[in-house]
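Notes follow the structure.
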Amino acid sequence: MRTTPPPRSVLVGRPAAAGTVAAAYDAVVVGSGAGGLTTAVCLARQGRRVAVFEQHYTAGGYTHAYRRRGWEWDVGIHYVGQLGRGEPVRVLSDYLTGGALRWAPLGDPFDEYRLAGEVYRAPVGLAAHQDGLIARFPAERSGIEALFRLIGRCRAVLPALALGRLSGPVTRRLARLLRAAAVPPQALRPAREVVEGLVGDERLRQAVLTQSALLLADSTSRLPFFLLAVLFEHFRTGAWYPVGGSAAIARALAEPIRAAGGEVFVRAPVARIEQTDTGAAAGVVLADGTRVRAPVVVSAAGAHHTFRTLLARPPAAGADRADQADRADQADRADQADRADRLDLADRLEGMRRGFPFVLLFLGLDGTPEELALPRHNLMVTDGDCDAFFDGTRGRTSGLFLSFPCAKDPTWNSRYPGRSTGEILAYVHPELFAPFRGSARRHRDPAYLALKAELTAELLTRLHHQLPRTRGRVSYHELGTPVTAEHFTGWPGGSLYGLAKDVAAFGDGHRPGLADWLRPRTDVPGLYLSGQDCLAGGFLGAVTGGLLAAHEALDRRGRARLWTGVLGHAVRPPRDGPAA
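So for the sequence shown, the working numbering puts the first residue at 0; every next one is plus one.
Okay, here's the thing in structure tokens:
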């Protein structure tokens, strides 16, 4: 009798047990999300021995997967764009993993928007998208055409901003020239303001704006227009999902790190970043007291955690009092400067908005995706106003984002026959879960559990309304909250994208952005930032931040080899397309 082989483990990384962590590495990376792993692989491919330290039991950050009671879920990767042959994300994916990471196309459409009963589908191709909207709103033809022309003109905004995050006078000058030539003034204005100036029908505005609000977790009255344009460009040729599930991403990225003599360690929280007497980064200290030396330290744990926690210098435990007195005078000035620097950083962070937190309902369903009519594309559902929740004028939860990885992964039915999984994401206001922050998992307040039960019931009701075949087929569910997100990611309040990516963060073209100082190369020598807080949110923003951090951490020869390798995959892409 033939039986289905057990699915491959979704756990990635090696537990940091005694004797497994070396005393020194060429570089240390704190955090194993897409940004941190991207930096680690880029350094490893230049011969660096890199240790990645992750506090969770598995690597991957928001790209990790987990398994419970016979079902498997991803926690953050629902689709990725620009994976066609020769496109930027495909080029970087092939460089990082040597082509080992395969991607399956979602097909056409890749998104569906259900807005107060009206249904819109996002087709592959900007021309098809434009034509579909014109057919739906013929009176708005000129405005729609102007909108898509402006989207095309914003194509170089993200590269210009990325270049401006790098150090060096030549690079900065090139960034200023590119920004002056390629960034239209509307790019940095609020997306809603720009769209309202081009089209008059509110239904059309919602069809254009909803994706940005629900993917970027903010009101389009605060999001800069260029981020809307980035999404249109990112999915211009379609969307893809990792073959084998989202755990395949971290699994493929870990191999080059190990091949260069490094490792991805899990259950290895970092307590602090070690600094020399002159303030330079010199390694890390793990929570169990293990010291690891490294001349390069990369934090992919978010700006808040990096500057408020990891860089806080504790007193020298057990130091001899006489010895402390002898060194007090020479250290006093350095300590005062260090405290002033950290206060300045804390003040800068305090003035920046945090992104919205979220709840995520994980569903285990009996039946195949085909039996349950679960779509490969994502569903976004609102009451017709994508911004009302974010603007604080309506509801305790936002519109919904529904994703069904079981329908996207071509290996799913062979790995989990007769079963399906899905996720429903909704944003919540920070104050909803604020009373429960820091509570222990096994000692939750009854009010917290009651709130979870209420939200779960609401989301299930809305699921059954949108997809009636799921009624009576949900055999398992659990709700992730901002409390659990903060525990696993360290981001205050459990926000999805860390710091808000709004107009104030990027600047409006007249005033500098509040996030301009958040660059991959920090003011602390030897310390670099990676991930979403470096530039933009989501998978694209994280891996871009990871690439920029690697560039800054390498010497001139290493940078040349890095970009030669990346661009080599662009010039000579593999003959085959993304494998399904």
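Glycine included, C-beta positions come from ideal geometry on N, C-alpha and C.
Rounded C-alpha distance that separates residue i from residue j
{"i": "leucine 534", "j": "isoleucine 143", "result": "29 Å"}
{"i": "arginine 140", "j": "phenylalanine 147", "result": "11 Å"}
{"i": "alanine 559", "j": "glycine 567", "result": "12 Å"}
{"i": "alanine 115", "j": "aspartate 217", "result": "19 Å"}
{"i": "arginine 418", "j": "glycine 363", "result": "8 Å"}
{"i": "glutamine 335", "j": "aspartate 554", "result": "Confidence at glutamine 335 is low in this model, with a pLDDT of 48, below 50, so its placement is unreliable and the value that follows should be read with caution. If I take the Cα positions, the gap works out to 31 Å."}
{"i": "valine 90", "j": "glycine 398", "result": "34 Å"}
{"i": "glycine 120", "j": "serine 413", "result": "First, the residue type needs correcting, since residue 120 is arginine and not glycine in the sequence shown. Near 29 Å, if we compare the C-alpha coordinates of serine 413 and arginine 120."}
{"i": "glutamate 477", "j": "proline 183", "result": "45 Å"}
{"i": "arginine 472", "j": "threonine 455", "result": "15 Å"}
{"i": "proline 223", "j": "tyrosine 94", "result": "31 Å"}
{"i": "valine 565", "j": "serine 92", "result": "10 Å"}
{"i": "lysine 451", "j": "phenylalanine 225", "result": "36 Å"}
{"i": "aspartate 287", "j": "valine 20", "result": "12 Å"}
{"i": "alanine 324", "j": "glycine 278", "result": "With a pLDDT of 41 at alanine 324, under the threshold of 50, the modelled position of that residue is not reliable, and no figure is offered here."}
{"i": "alanine 22", "j": "arginine 292", "result": "6 Å"}
{"i": "leucine 462", "j": "threonine 488", "result": "27 Å"}
{"i": "arginine 307", "j": "isoleucine 256", "result": "28 Å"}
Contact belief for residue i with residue j at Cβ below 8 Å, rounded distance in angstroms
{"i": "valine 295", "j": "aspartate 25", "result": "7 Å"}
{"i": "proline 14", "j": "arginine 266", "result": "5 Å"}
{"i": "valine 79", "j": "phenylalanine 538", "result": "5 Å"}
{"i": "alanine 503", "j": "leucine 517", "result": "That belief does not hold up - the Cβ atoms of alanine 503 and leucine 517 are roughly 13 Å apart, past 8 Å."}
{"i": "leucine 309", "j": "threonine 469", "result": "Leucine 309 to threonine 469, Cβ: 43 Å. No contact."}
{"i": "leucine 526", "j": "alanine 258", "result": "Not confirmed; about 26 Å, so no contact."}
{"i": "glycine 85", "j": "alanine 569", "result": "6 Å"}
{"i": "glycine 530", "j": "alanine 299", "result": "4 Å"}
Exposed unless 16 or more other CB atoms sit within 10 angstroms - verdict on residue i
{"i": "glutamate 369", "result": "exposed"}
{"i": "tryptophan 411", "result": "buried"}
{"i": "tryptophan 562", "result": "exposed"}
{"i": "glutamate 71", "result": "buried"}
{"i": "aspartate 532", "result": "buried"}
{"i": "valine 523", "result": "buried"}
{"i": "histidine 464", "result": "exposed"}
{"i": "arginine 172", "result": "exposed"}
{"i": "glutamine 329", "result": "Below a pLDDT of 50, predicted positions are generally treated as unreliable, and glutamine 329, at 45, falls in that range; the measurement from the model is reported next regardless. Glutamine 329 comes out exposed."}
{"i": "leucine 176", "result": "exposed"}
{"i": "alanine 579", "result": "Because alanine 579 carries a pLDDT of 38, less than 50, the predicted location of this residue cannot be relied on, and no value is offered for it."}
{"i": "aspartate 346", "result": "exposed"}
{"i": "aspartate 276", "result": "exposed"}
Short Cβ contact (9 Å threshold) for residue i with residue j
{"i": "glycine 424", "j": "leucine 466", "result": "The amino acid at residue 424 is misidentified as glycine; the sequence shows leucine. Taking 9 Å as the Cβ cut-off, leucine 424 and leucine 466 do not qualify as a contacting pair."}
{"i": "alanine 387", "j": "arginine 393", "result": "yes"}
{"i": "leucine 213", "j": "cysteine 385", "result": "yes"}
{"i": "leucine 348", "j": "alanine 302", "result": "yes"}
{"i": "arginine 375", "j": "leucine 105", "result": "yes"}
{"i": "proline 108", "j": "valine 123", "result": "yes"}
{"i": "serine 31", "j": "glycine 75", "result": "no"}
{"i": "asparagine 581", "j": "aspartate 73", "result": "Since the displayed the chain opens at 0 and closes at 579, residue 581 lies outside it and no answer follows."}
{"i": "glycine 506", "j": "glycine 354", "result": "no"}
Residue nearest to residue i in terms of C-alpha spacing, selected from the options
{"i": "glycine 151", "options": "Phe231, Gly199, Asp346 and Ala134", "result": "Phe231"}
{"i": "tyrosine 56", "options": "Gly83, Arg84, Leu149 and Val263", "result": "Val263"}
{"i": "threonine 521", "options": "Arg172, Gly244, Val284 and Thr305", "result": "Thr305"}
{"i": "glycine 580", "options": "Gly564, Leu125, Arg353 and Pro356", "result": "Since the displayed the chain opens at 0 and closes at 579, residue 580 lies outside it and no answer follows."}
{"i": "histidine 428", "options": "Leu459, Gly471, His233 and Thr480", "result": "Thr480"}
{"i": "glycine 131", "options": "Tyr61, Thr170 and Ala206", "result": "Ala206"}
{"i": "glycine 350", "options": "Arg436, Thr543 and Asp515", "result": "Asp515"}
{"i": "arginine 271", "options": "Pro184, Gly282 and Thr277", "result": "Gly282"}
{"i": "glutamine 145", "options": "Val193, Gly35 and Gly288", "result": "Reading off the sequence, residue 145 comes out as alanine, not glutamine. Of the candidates Val193, Gly35 and Gly288, the one whose C-alpha sits nearest the C-alpha of alanine 145 is Val193."}
{"i": "histidine 233", "options": "Ala127, Gly83 and Arg202", "result": "Gly83"}
{"i": "aspartate 365", "options": "Arg353, Lys407, Gly421 and Met379", "result": "Gly421"}
{"i": "threonine 543", "options": "Thr37, Arg352 and Arg7", "result": "Thr37"}
{"i": "arginine 290", "options": "Arg202, Arg307 and Val269", "result": "Val269"}
{"i": "glutamate 254", "options": "Arg307, Glu457, Ala50 and Pro241", "result": "Ala50"}
{"i": "glycine 12", "options": "Arg440, Pro445, Ala58 and Arg154", "result": "Ala58"}
{"i": "valine 9", "options": "Ala174, Leu546, Glu430 and Ala246", "result": "Ala246"}
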